[in-house]
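Student: Pasting a structure below so you can have a look.
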Amino acid sequence: MERTQELLMVLCVICLLPISAVGQEVDTDAGEAGDPASLRAPTEISAEDHPWDGGEEIELTFSLSPDDPKDLTSDDLVTYVVSRAGEYGGLYSEVALVVPTAEDYEQGHIVYTVQNSERGEPYFFRVQATTLDGRTSPYAETTEAVYSTREWFAGHRTWLAIVTALISGAVITFILLARAGIQLKIRKIAGLEAVSEAVGRATEMGRSCLFVPGVQDMKDIQTIAAITILARVARTAAEYEARVEVPTARSLVMTAARETIEGSYLSAGRPDAYNEDLIYYVTDEQFGYVAYLSGMMVREKPAACFYMGSFFAESLILAETGNSIGAIQIAGTAQPAQLPFFVAACDYTLIGEELFAASAYLSGSSEELGSLKGQDFGKLIVAVGIIVGCLIATYHELVNNGFFG
Amino acid sequence: MISVDTNNINVILATDCGSTTTKAILIEKIDGHYRQTFRGEAPTTVEEPAADVTMGVVNAVTEVGELANRRLIDDNGNIIRPATDGEGCDIYISTSSAGGGLQMMVAGVVREMTAASAKRAALGAGAIVMDVIASNDKRLPHEQIQRIRELRPDMILISGGTDGGTTTHVVKIAELVAPAKPQPRFGGEYRMPVIYAGNQDAAPLVERTFDDSIDLSVVPNLRPVLERENLGPARDRIHDLFLEHVMAHAPGYEKLMEWTDAPIMPTPGAVGNILQTIAEQQNINAVGVDIGGATTDVFSVFDKTFNRTVSANLGMSYSISNVCAEATMPTILQWVHLEMDERELRNRVKNKMIRPTTIPQTLEALIFEQAVAREALRLAYIQHKEFATTLQGVQQQRTVGDTFSQQTGGQTIVDNMALDLLVASGGVLSHAPRMQQTAAMLIDAFEPEGITTLAKDSIFMMPHLGVLAQVHKQAALEVFEKDCLIYLGTCVAPRGQGKPGKPCFQFSLEGDGINEQGNITVGDLRCIPFASGVRAKLRVEPARGFDMGAGPGTAVEREVKGGEVGVVLDGRGRPLQLPENREQCRKSIEQWVQALGLYPD
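Top line first, the protein sequences correspond to chains P and F.
Per our numbering, the first sequence starts with residue 1, numbered consecutively.
Per our numbering, the second sequence starts with residue 406, numbered consecutively.
Structural data, given as structure tokens:
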């Protein structure tokens, strides 16, 4: 009896030998050709590290089963189960069920990229053909370990690299052009052009200008942009001998605003007219702040109101109050939800990126103008990409639906 | 204004006392219609040795009388009134720009707001604005005081603040004027007239600022609220003070004022007045230009809003070098179709600078002068557009639809597409040898769009009619229509640009004795002779991308007037762009010169 068992073991080993010896080969003898009950395994299989990636992908190539009808509509559609193990003959886990495409049928083999591999770990793969009615083939498996490695460049991000190079190149080019003295044309931003008009109105009417730098702290980029615009407003007010009042919802914003306004008065040659008491902290509470502002606006009726920075629910309350007292109002925010309110209730609105562009627009420095132009170029590329993509997708869809007959 | 029984006026005598000459015209009622019949001219005698403006007036009127075979001056040298058979006139009126006209300085709080309104008031009254003082004019107080001292204006207009608005700024302005103690140009003994037309709350404070050396008049605020201008009271006061102070102290004017049946008006104010009257009467938008030797005046009435600008350094004789400097020689050379290099052009400018009052004696000199005139007019019109704007500091009403089309206040109200009538006056335009030349200069400089009637003031009669309109509107309008204006024709020019040779518009012109139709391509200029006084129906169908006022590609139909030139079909596009290459440009201009028959072959 023992002798018989040993013999069987030897026979089994002999049967398995060709696969392990050849390495990445397949047990093609399993399953008989023309036997409807059996299915033959893919004849060839190989695995290699996916080039130009971050070390997470392995590319597995295997041929179709000789019994694959190569027809996606066939009842005998053959799919392929890909399994992976950390050691040869170890515990294989299923990683994908691959359905061949028409292209795969044409090429006679499937290239499948296995994701989520760990860099530097050995991997062994096997593939089994299956049909819908439950027939399975023997495994075709790799016998040598494949390691995924990380390359210095992620190939699938080539386009991103090109776009980045284009945008960065455009920014650098425009900066150099601006430095060389070439005039970069920037369209007029009505909201910024109207600053002098608003301050002028306050001057003629003998009233103050109210500047609200949003409800966020200095860490918010919109608040920083608002402070840049405040500098311009304050400078204009200094030239016109008008009064600018800046109530803030954050103490740090108050400090920044004071420094900014002091600088503006100094540069306008009117340091004597600067009054730091007009820039003050009210409260961190959103609606407490808004209540104070509304009350103050109704009482003192400023002739010009500026709302620049980050705003939420208070945008409409402030803008409506300002409108009701007959003030010229200029708003600017990058909060898309608040823009319609500002546009409808204010005289002028800086829309989204205009708020950030204001800094370059006002300073006129070559670096800022150049980067603004470069960014515009980037946006142009994106816009063109979207349009072209839409057209291609539409065309593709129409072709697939037989629109063109 | 005097009250006159207009039914009994049959003979009207009008004079315009200019710096150089005094022009007199006679208007008579013939077959129930007022017509200008005779004209006389004599040197102005405001300067020494005569030093009496009435002497020039008498000389000019005598000439008219001789021509009309009508005795207008009696043995004592006075104008005979009322008119009888063969003698005298029913009313006598006059304008004056002698001695430099009315020169003013204006001040306001914000340069673009109340100061701009004050400037409009002064210019509308016919003054030359010497300087504008404002809180934001970037000058330090001592510089502003120094400037006021140097200017020596005839009067000062101070505005600033809305009613109930700022008082601080207004008093500060008064405090600049008071210590400067500006001296009037004429008459050392009289006090400087200052008109205050600002915040009424500040009036007592302003009054307290000035001492007896200033003759202060307080009139209603010319900007009571920022949304509205009220220039009338300030303008009226300027006229009154012009007569009381400036005229009264100019040699002979006291006597002249006694003679006239209506207050003497500054000449530009009178021109503005007639243009306003015509625009109002005919419900049209009109632009008038008077190009002189030293200055160019542009008047406009758009949507019943009158504006006037004086371009002080744009003129055809004393200011010619400034025109050349501002426009640059290559730009002027663009309008010359002859082989003329920049050096030759410079030589001509220098000659004109040495002898400013000479008139062209050769064809080349005429072409050069008309090229300079085009640029002078173009620059003056640009300045006018920048000045004639909507009010600044006005609250805007917006909807979400305005998100991407927000416009600031202070946009120009001058719209060439809405322009109906363009009137030319001034030597280079009025005395051009061919009417086509005047029309071409107007079209090239002003670039009218759509359908625009072109006319010229035959003998610079507009000032006389401006002051007449205040006394007898019907007479002024009749004479303006029949004798003052020489209709040059109609300019048809769509807005838009295209490639030369491509279709620009199709047209058909049907009327009494005229039936024309055809196509105009981009770059073409064509003139269809069309007799004066005849009207025809014009239909223009612009090509895609071109606009005749009804939207791109939309056809328009209009009744048009004939004129000395006819209908000019201009397919050169708007804005008008000349080829940059000199040779190409020269060929294009030559082609257009041929098309309009501007110069002899």
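Beta carbons are placed, not taken as given, at the ideal position from N, Cα and C, and that holds for glycine.
I'd like the span of the beta strand (DSSP E) that includes tyrosine 723(F), first residue to last.
Tutor: From DSSP, tyrosine 723(F) is part of no beta strand (DSSP E); its letter is neither H nor E.
Student: When the cut-off is 8 Å and only beta carbons count, does arginine 633(F) lie next to chain P?
Tutor: no
Student: From this set, Ala1000(F), Ile538(F), Val651(F) and Leu981(F), which residue's C-alpha is nearest methionine 518(F)'s C-alpha?
Tutor: Among Ala1000(F), Ile538(F), Val651(F) and Leu981(F), the Cα nearest to that of methionine 518(F) belongs to Ile538(F).
Student: Going along the stretch 508-542 of chain F in order, which residues come within less than 7 Å of chain P, judged by CB to CB distance?
Tutor: Val514, Val515, Glu517, Met518, Thr519, Ser540 and Asn541
Student: How about threonine 614(F): is its C-beta nearer than 8 Å to some C-beta of chain P?
Tutor: no
Student: Bridge partners for cysteine 896(F) per DSSP, in chain order?
Tutor: Per DSSP, Thr857(F) and Val973(F).
Student: Would you call the CB atoms of isoleucine 58(P) and glutamate 141(P) closer than 8 Å?
Tutor: no
Student: Consider the C-beta atom of alanine 667(F) and the heavy atoms of the ligand NAP; say whether any pair is separated by less than 7 Å.
Tutor: With respect to the ligand NAP, the structure shown offers nothing to examine, as it has no ligands at all.
Student: Just verifying my parser: in three-state terms, what is the DSSP assignment at threonine 762(F)?
Tutor: coil
Student: For alanine 583(F), I'd like the list of residues in its chain whose CB is within less than 8 Å of its CB, leaving aside the five on either flank, ordered along the chain.
Tutor: Thr614, Phe615, Asp616 and Ile619
Student: So, are the CB atoms of histidine 650(F) and tyrosine 601(F) less than 8 Å apart?
Tutor: no
Student: Can you tell me whether serine 810(F) is buried or exposed, with buried defined as 16 or more other CB within 10 angstroms of its CB?
Tutor: exposed
Student: Might you give, ordered along the chain, the residues of its own chain that have their beta carbon closer than 8 Å to the beta carbon of proline 905(F), omitting 5 neighbours on each side?
Tutor: Correct list, in chain order: Thr926, Val927 and Gly928.
Student: Determine the DSSP secondary structure at tyrosine 393(F), reduced to helix, strand or coil.
Tutor: For chain F, the structure presents residues 406 to 1006; residue 393(F) sits outside this window and is missing.
Student: If we count the other Cβ atoms within 10 Å of its Cβ and call it buried at 16 or more, is arginine 444(F) buried or exposed?
Tutor: buried
Student: Would isoleucine 386(P) count as contacting chain F if we go by Cβ distances under 8 Å?
Tutor: no
Student: Using a C-beta cutoff of 8 Å, does proline 69(P) count as contacting chain F?
Tutor: no
Student: Determine the contact status of alanine 145(P) and phenylalanine 356(P), defining contact as a CB-CB distance below 8 Å.
Tutor: no
Student: Mapping the DSSP letters down to three states, classify arginine 949(F) as helix, strand or coil.
Tutor: coil
Student: Would proline 340(P) pass as an interface residue toward chain F - the criterion being a Cβ-Cβ separation below 8 Å?
Tutor: yes
Student: What residue range does the alpha helix (DSSP H) around phenylalanine 341(P) cover?
Tutor: Taken as a continuous stretch (DSSP letters only), the alpha helix (DSSP H) holding phenylalanine 341(P) covers 339-345.
Student: When the cut-off is 8 Å and only beta carbons count, does tyrosine 240(P) lie next to chain F?
Tutor: yes
Student: Tell me which residues of the stretch 205-238 of chain P have at least one Cβ-Cβ distance to chain F shorter than 9 Å, keeping chain order.
Tutor: Of all residues in the stretch 205-238 of chain P, Met205, Gly206, Arg207 and Thr236 have a Cβ within less than 9 Å of some Cβ in chain F.
Student: Thinking C-beta only, is leucine 859(F) closer than 8 Å to leucine 827(F)?
Tutor: yes
Student: What residues from the stretch 581-608 of chain F come within 7 Å of chain P, judged by C-beta to C-beta, listed N to C?
Tutor: Within the stretch 581-608 of chain F, no residue has a Cβ that lies closer than 7 Å to any Cβ of chain P.
Student: Based on the DSSP output, what are the partners of threonine 248(P) in its beta bridges?
Tutor: Tyr281(P)
Student: So is glutamate 193(P) in contact with chain F if we call contact Cβ pairs under 8 Å?
Tutor: yes
Student: Looking at alanine 273(P): is its Cβ nearer than 8 Å to the Cβ of glutamate 241(P)?
Tutor: Result yes, Cβ atoms of alanine 273(P) and glutamate 241(P) sit closer than 8 Å.
Student: Verify the CB distance criterion: does arginine 201(P) have a CB-CB separation below 8 Å to chain F?
Tutor: Interface residue, yes.
Student: In the DSSP assignment, find the alpha helix (DSSP H) that holds tyrosine 395(P) and state where it starts and stops.
Tutor: 366-400
Student: Give the interface partners of threonine 804(F) over in chain P, defined as CB-CB distance under 7 Å, in chain order.
Tutor: Ala344
Student: Within 10 Å of its beta-carbon, does serine 74(P) have 16 or more other beta-carbons around it, so buried, or fewer, so exposed?
Tutor: A residue is called buried once 16 or more other Cβ atoms fall within 10 Å of its Cβ, and serine 74(P), having fewer, is exposed.
Student: Closer than 7 Å by beta-carbon distance: list the chain P residues that pair up with arginine 800(F), in chain order.
Tutor: The sequence shown places glutamine at residue 800(F), rather than the arginine named in the question. Neighbours of glutamine 800(F) on chain P, chain order: Gly326, Ile328 and Asp347.
Student: Looking at leucine 782(F): is its Cβ nearer than 8 Å to the Cβ of threonine 701(F)?
Tutor: Yes, Cβ-Cβ distance for leucine 782(F) and threonine 701(F) is below 8 Å.
Student: Go through its chain and collect everything with a Cβ distance to valine 253(P)'s Cβ below 7 Å, but skip five positions before and after it.
Tutor: Pro213, Asp217, Met218 and Thr223
Student: Kindly list, in the order they appear in chain F, the residues whose Cβ is closer than 8 Å to that of glutamate 197(P).
Tutor: Glu517, Gln797, Gly798, Thr813, Gly814 and Gly815
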